[in-house]
Amino acid sequence: MGALLAAPFCAASAACCFGSAACSLCCSACPSSKNSTTTRIMYAVMLILATIVAIIMLLPGVQHKLLENKWICDKANEYTGVNCEHAIGYQAVYRVCAGAATFFFLMMLLMCGVSSSKDGRSQIQNGFWFFKYIMMFGMIAAYFFVGNESLATPLMYTGIIGAFLFILIQLILIVDFAHGLAESWVAQYEDNDSRACYAGLLITTFGGFLACVISASYVFANYAIGDGCGLPKFFVLFNVLLCVGISVLSITPAVQERMPRSGLLQAVVISAYIIYLTWSALLSNPNESCNPTVSNVTQSSISLSGDKDSEQFVTPLPVHSLISLFIWLICLVYASIRNSSNTSLGKITGGNEENMQLNNVEGGKSWDNEEDGVAYSYSFFHFMFCLASFYVMMTLTSWYHPQSDLAHLNSNMASVWVKIVSSWICAALYAWTLVAPVIFPDRDF
Numbered sequence: 000m001g002a003l004l005a006a007p008f009c010a011a012s013a014a015c016c017f018g019s020a021a022c023s024l025c026c027s028a029c030p031s032s033k034n035s036t037t038t039r040i041m042y043a044v045m046l047i048l049a050t051i052v053a054i055i056m057l058l059p060g061v062q063h064k065l066l067e068n069k070w071i072c073d074k075a076n077e078y079t080g081v082n083c084e085h086a087i088g089y090q091a092v093y094r095v096c097a098g099a100a101t102f103f104f105l106m107m108l109l110m111c112g113v114s115s116s117k118d119g120r121s122q123i124q125n126g127f128w129f130f131k132y133i134m135m136f137g138m139i140a141a142y143f144f145v146g147n148e149s150l151a152t153p154l155m156y157t158g159i160i161g162a163f164l165f166i167l168i169q170l171i172l173i174v175d176f177a178h179g180l181a182e183s184w185v186a187q188y189e190d191n192d193s194r195a196c197y198a199g200l201l202i203t204t205f206g207g208f209l210a211c212v213i214s215a216s217y218v219f220a221n222y223a224i225g226d227g228c229g230l231p232k233f234f235v236l237f238n239v240l241l242c243v244g245i246s247v248l249s250i251t252p253a254v255q256e257r258m259p260r261s262g263l264l265q266a267v268v269i270s271a272y273i274i275y276l277t278w279s280a281l282l283s284n285p286n287e288s289c290n291p292t293v294s295n296v297t298q299s300s301i302s303l304s305g306d307k308d309s310e311q312f313v314t315p316l317p318v319h320s321l322i323s324l325f326i327w328l329i330c331l332v333y334a335s336i337r338n339s340s341n342t343s344l345g346k347i348t349g350g351n352e353e354n355m356q357l358n359n360v361e362g363g364k365s366w367d368n369e370e371d372g373v374a375y376s377y378s379f380f381h382f383m384f385c386l387a388s389f390y391v392m393m394t395l396t397s398w399y400h401p402q403s404d405l406a407h408l409n410s411n412m413a414s415v416w417v418k419i420v421s422s423w424i425c426a427a428l429y430a431w432t433l434v435a436p437v438i439f440p441d442r443d444f
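Numbering that gives the first Met the number 0 puts the first residue of the sequence shown at 0, with every later residue one more than the last.
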């Protein structure tokens, strides 16, 4: 276990190009960049490394090693009502992600009120990467010494809340990305008569809508047909109507008058995400007559210990979890490299990117652009990464409940409702970005 947790330290040296003063001596080959950008990228690298460690915990060989440490599951069988060994991989993921979340939570508290790089705490934010790696992975290791009986259920409820909040932030990033992509392509087409951008608009828009129709039909045919599947039917049909509604709204004359570059490209991106959330939600439905994947869960059971009388369950990594992680990774990178003042998220957190004064740091390639004001809220940034850690935890464990039986380890109604409600909030959020300029014409959006 120590070797597994220590391995990411090797990546710290390779990542020093994303540091500032503490790493400038080994960054002579790195391109020049702003402190605010390189710091965010570095924290993203830290979280990605923690996620890789969490994924490693789900490998069968690693789960076998974890089972040898019986103390992890001591008293847990009586406490949770389910055999802890069945979910040993999920318990390990909980500990890795909880350690990462704790690190970012403490950084959030430490960075409250930092307004410029003149604050001494900004040196901690933008440097000391080696020590921060030790701190984060040390916290991860410490969680492995906490018994399951006092950790699993509290972390599950904390993870659900944190993951839901991150989904809301992720929705803002996706809506912002959709608007930014469409405006960029439309601007290039109008200014330069770019045929490539025009073709990109057409292919992405109509191809995207075709993909949405096919995907919605697949979800309805496989997860909403059967006895007692009235609620899944409602979810699919209602969300399809939401997609139609926001698409029509995006091209109405009133919206086009206030936002001439608003169109179907943004709507298709949001619609695709809504259909994805609907599919992901119904995959967590514990009703076996509606969700065929539930009845196949126990078929993944294999004997880790080699004892035929004691078959252990290898907790798998479902396909929809990989897709969720891919979307999460894109949003994480987007949040790290995007100028926060130009995004919806930046307007919420009060980011300021106006100061562009160049100050080389000890001859390094990273220069300080935050002397007159931070480019993003340090505290909110760490809060977002804390929530992102919980989202990874719930995604890798398929939102499992510690008291679930083996057949329903990867399904529960809490996950269904979190994702469905998120899809509705996504549609409402996008619709508001279209309607707000019409309702409040004198305000700058």
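Backbone N, C-alpha and C fix where the C-beta goes; we use that ideal spot for every residue, glycine too.
This one's a predicted model, so the numbers in the text were calculated from it and none came from an experiment.
- In summary, Arg-442 is exposed, with fewer than 16 beta-carbon neighbours lying within 10 Å of its beta-carbon over all protein chains present.
- Just measuring C-alpha positions, the residue of Met-56, Val-44 and Gly-119 sitting nearest Tyr-132 is Val-44.
- In this chain, the alpha helix (DSSP H) harbouring Cys-211 covers 194–222.
- Here Arg-39 carries a helix assignment [DSSP, helix/strand/coil].
- In the three-state reduction of the DSSP assignment, Val-145 falls in the coil class.
- In this structure, the straight-line span from the alpha carbon of Gly-227 to that of Asn-411 is close to 16 Å.
- Of the residues assessed, Cys-385 falls on the buried side of the cut-off, its CB having 16 or more other CB atoms within 10 angstroms.
- Beta-carbon to beta-carbon, Leu-241 and Ala-435 are separated by about 18 Å, too far to satisfy the 8 Å threshold.
- Sequence-distant partners of Val-268 (beyond 5 residues in either direction) whose C-beta falls short of 6 Å from its own C-beta, in its chain, are Ala-177.
- Shown here for Val-113: same chain residues with a beta carbon closer than 8 Å to its own, the five before and five after excluded, namely Arg-120, Ser-121, Gln-124, Val-373, Tyr-377 and Ser-378 in chain order.
- Here DSSP, grouped into helix, strand and coil, assigns Trp-398 to coil.
- If you look at Lys-117, you'll find it isn't in any alpha helix (DSSP H); DSSP assigns it neither H nor E.
- Ser-397 sits close to Ser-283, with the two beta carbons spaced by under 8 Å.
- In this structure, the alpha-carbon of Cys-96 lies about 6 Å from that of Met-392.
- Here Leu-180 is not near Cys-330, since their CB atoms are 8 Å or more apart.
- Closest by C-alpha distance to Met-56, out of Ser-214, Ser-116, Ala-151 and Val-92, is Val-92.
- The residue among Ser-388, Val-235, Tyr-197 and Phe-439 with its C-alpha nearest the C-alpha of Tyr-42 is Ser-388.
- Taken through DSSP and simplified to helix, strand or coil, Asp-190 comes out as helix.
- With fewer than 16 other beta carbons inside 10 angstroms of its own, Asp-190 counts as exposed.
- Classified as buried, Pro-231 has 16 or more neighbouring CB atoms from the shown chains inside 10 Å of its CB.
- In the three-state DSSP reduction, Asp-441 falls in the coil class, being neither helix nor strand.
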